[in-house]
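J.: Heads up, the sequence shown is in my numbering, so the first residue is 431 and it goes up one at a time.
Glycine residues also receive a C-beta, built at the ideal position from the N, C-alpha and C atoms.
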Amino acid sequence: MRALKDHRSVSTCCHLKLFLDHPALDLNIKDDAGFTALHMAVTGENLEAVRDLAPRCGEGTNFKDVRGKTALVVAAEAAERVGDCTCEATAMVEALLCVDKIDASLGDDHEMTPLHYAASRGDFNMCRLLAARVDGGILAKCAVGKTPLEYAKDGEVAALLLGFQRKAEAMRARYASSEGEPMEY
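Here's what the structure looks like:
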């Protein structure tokens, strides 16, 4: 099991097959940096590995590394590393969002959520995917007190987030006016 604790080799497909076929492997074991196999697949920008691992990690999809980053936060940041070509990072985010247990509203140690990162880069497609999953989290403020909308760099992303934000604010107001009674959907 000691050899399996280092997940850095997960970013190569030949090792991934061995990991997934090993019945005793806990995919959510963390290395010294707090990385799980899923974190490493995302960091290695290996979309195939992310698609294979994410559904098998269960609650581990929400595990944080030592910087407080989930695999989804790391994926949302990945677009920053690859510059203008954010298609692969968006595909990784989309693959992670297919996991029922993933919490898209979890932020890092600076309370920056994946949506904050996507908005700060003006990634419309990633923002659309994330905003649809965070519900009231669209109003989440990071450690410096900014919402994803305040990080939006271009008009198209800002308009998208403004629409989601207005919907969340209306739902919040409706809930408050019903004096705590459950809302009807």
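Hey, out of 568, 603 and 468, whose CA is closest to residue 487's CA?
T.: The alpha carbon of residue 487 has as its nearest neighbour, out of 568, 603 and 468, the alpha carbon of 468.
J.: Which residue comes first and which comes last in the alpha helix (DSSP H) that contains residue 599?
T.: 585-607
J.: What distance in whole Å lies between the Cβ atoms of residue 466 and residue 532, which are believed to be in contact at a cut-off of 8 Å?
T.: Rounded, the Cβ-Cβ distance is 13 Å, inconsistent with contact.
J.: Under the assumption that residue 549 contacts residue 579 (Cβ atoms under 8 Å), give the Cβ distance between them as a whole number of angstroms.
T.: 7 Å
J.: Quick one: what does DSSP say residue 525 is sitting in, helix, strand or coil?
T.: helix
J.: With distances taken Cα to Cα, identify the nearest neighbour of residue 528 among 494, 546, 478 and 485.
T.: 485
J.: Measuring only the C-alpha atoms, how far is residue 583 from residue 507?
T.: 15 Å
J.: Does DSSP put residue 466 in a helix, a strand or coil?
T.: It is coil, neither helix nor strand.
J.: By the DSSP assignment, the alpha helix (DSSP H) with residue 556 in it spans what residues?
T.: 554-564
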